[in-house]
Amino acid sequence: MVDGSPWPKVSIVTPSYNQGQFLEETIRSVLLQGYPNLEYIIIDGGSQDNSVEIIKKYEPWLAYWVSEPDKGQAHAVNKGLKRATGHILAWVNSDDLYAKWAIHEVAQYLRQNRDIDVLYGDCLFINLDGKKIKYVRGFDYSPIRLFVGSIPQPSTFFRERVLKHGFLDESLDYTFDYEFWLRLNDRYQFKYLPTLLSYFRLHESSKTVSGQLGMQKETYKLLKRHLQNSMLPYSIRRRLTTLADWRLAIIAWILGESSEVPMYLSAVKEHLIHKISFIQAGVFTFIFIPSIKHMSCVDIRKNDTLIRKFCEHIPVRSKSTLMMKLLSQYYLTLAVEKKSPILFIKGVAKNPFYSMMLVKRRIWLSRIFKGLPWELWKTLI
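Per my numbering, the sequence shown starts with residue 9, numbered consecutively.
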């Protein structure tokens, strides 16, 4: 390092299964970091494509690799972590990439800040061809914020000592990383490093896209479970639990699990549903933010219809008001992400009062002004 001390050993694990299309780029993003004390482990689940051929090509630079059937992604990561001998650990999936110098930056920061146990940074969502979809900035850590927004998995590194509290939960399909962060939340020090550390690829075979509703359902059930044992104040735990029930009700309805909807809604008081935080949470359940820019007119109308039909089935007196708030938030969200004045006007028209509440509270204001002209706002206020 700059001060002459040795670079801490960093262990990176890549779980892989039939991802030969992306695997080599992932491997190169790790090895070409040029980090002097790197331990790189690849755990392949018995791929039937050209993955093994690619792995063998880089075998001289790998600490360990294996190709054999496993019990899923979390199991594969755990196999790698149990073999790792580094002081700093992380895993990067076989379709994701590390940003240039990411490992150096992380190692240097953790070397200088020994009280930090988990370090995370920014992430850039990319498509099949590696083109930018959305830059995802992290947030300054607090125990509460981790319950309302996860940290990007490929941009997260942790010290080996946190594993004394267990490895990834292999019973989970989607959210084993989030569960791991929540488990560490009350015990260890997290820190946000405001720099790009990874590229997260979204494509049709990605679990993040194909199973977004299943992922959300698993997330909010997991959230409720961890809130029960959290050290957060009761009032905060109660509100976050209610918010999770609200989103679970929407997910259950979309998935056709109508029998579960009343159970979740029974915990949500009608006056809470009309709060901005609940309206926004409801809309973010209907749409997947990173894919908004690529939504077609057909997709937009489809979600509009879904929101309208959902409102018809929930037991509240002010169904029409709730529906127009949700639709207003929906179109304003689309307007911000797509930089579309037409969608913005449509969102305001759905519920002008709700739209002006957002302006009054300065929610999203800077983001809207970034893409939409101030003159448009002046004519509407």
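Glycine residues also receive a C-beta, built at the ideal position from the N, C-alpha and C atoms.
Output the distance between the C-alpha atoms of residue i and residue j, rounded to the nearest integer angstrom.
i      : j      : result
ARG325 : TYR339 : 24 Å
GLN27  : TYR186 : 23 Å
LEU235 : THR227 : 12 Å
GLN29  : PHE133 : 18 Å
ARG209 : PRO162 : 10 Å
ARG247 : LEU70  : 47 Å
PHE294 : LEU263 : 11 Å
LEU373 : GLU61  : Here LEU373 scores only 48 on pLDDT, less than 50, and its place in the model should not be relied on; the value that follows carries that caveat. About 51 Å.
THR250 : ILE322 : 16 Å
SER218 : ASP52  : Only weak support is given to the placement of SER218: the predicted model assigns it a pLDDT of 46, under 50, and the value that follows is read from those uncertain coordinates. So the two alpha carbons sit approximately 21 Å from each other.
GLN56  : TYR25  : 8 Å
LEU127 : SER348 : 36 Å
CYS319 : LEU330 : 7 Å
TYR362 : SER285 : 12 Å
PRO270 : LYS317 : 15 Å
SER179 : SER158 : 19 Å
TRP261 : ILE287 : 16 Å
LYS333 : ALA357 : 10 Å
ILE281 : TYR106 : 40 Å
ILE244 : PRO151 : 11 Å
THR93  : ARG36  : 21 Å
VAL170 : TRP254 : 33 Å
PHE155 : GLN120 : 28 Å
ARG153 : ASP123 : 20 Å
ASN311 : CYS305 : 10 Å
LEU8   : MET239 : Only positions 9 to 389 of the chain appear in the structure, and residue 8 is not among them; the question remains open.
ILE141 : PHE296 : 12 Å
TYR196 : LYS354 : 46 Å
LEU273 : ASP177 : 28 Å
LYS17  : ALA84  : 21 Å
ILE63  : ASP78  : 17 Å
ASP194 : VAL114 : 22 Å
Could you spell out where the beta strand (DSSP E) holding residue i opens and where it closes?
i      : result
THR22  : 18-24
PHE166 : 164-167
PRO202 : 198-209
Along the chain, where does the alpha helix (DSSP H) that runs through residue i open and close?
i      : result
PHE188 : 184-193
SER336 : 327-346
THR293 : 284-294
PRO349 : 349-358
ARG153 : 153-156
PHE318 : 305-321
HIS4   : Because the chain in this structure spans residues 9 to 389, residue 4 falls outside the shown range and cannot be described.
Does the distance from the C-beta atom of residue i to that of residue j stay below 8 Å?
i      : j      : result
HIS95  : TYR43  : no
THR184 : ALA82  : Residue identity check: residue 184 is Phe in the sequence provided, not Thr. Against a cut-off of 8 Å, the Cβ pair of ALA82 and PHE184 comes out as a contact.
LYS283 : LEU256 : no
TRP15  : ILE49  : no
VAL276 : GLN337 : no
LEU230 : ILE259 : no
LEU89  : VAL21  : yes
PRO160 : GLY146 : yes
ASN390 : PHE175 : Lying outside 9 to 389, the shown extent of the chain, residue 390 is not represented and no answer is given.
LEU204 : ASP148 : no
SER19  : GLU47  : yes
LEU40  : TYR66  : no
Since residue i contacts residue j with CB under 8 Å, what's their CB separation in whole angstroms?
i      : j      : result
ILE308 : LEU342 : 7 Å
PRO23  : SER75  : At roughly 12 Å, the Cβ-Cβ gap does not stay under 8 Å, so PRO23 and SER75 are not in contact.
SER206 : ALA110 : 7 Å
LEU97  : PHE188 : With 8 Å as the limit, LEU97 and PHE188 do not qualify as a contact, their Cβ atoms being about 11 Å apart.
GLU345 : ILE315 : Actually they are not in contact, since the Cβ atoms of GLU345 and ILE315 sit about 17 Å apart, beyond 8 Å.
ASP125 : THR34  : Not really, about 26 Å apart at Cβ, beyond 8 Å.
LEU192 : HIS173 : 7 Å
Item to complete: Run through the segment 22-86 for me and flag every whole alpha helix (DSSP H) of 4 or more residues, listed as ranges in chain order.
Response: As far as the segment 22-86 is concerned, its whole alpha helix (DSSP H) runs of at least 4 residues are 28-39, 59-65.
Worksheet item: Which full runs of the alpha helix (DSSP H) of 4+ residues lie inside the segment 231-268, going along the chain?
Response: The qualifying runs are 242-262.
Practice prompt. Could you tell me which uninterrupted alpha helix (DSSP H) segments, each at least 4 residues in length, are contained entirely in the segment 85-141, listed from first to last along the chain?
Written response: Runs found: 110-120.
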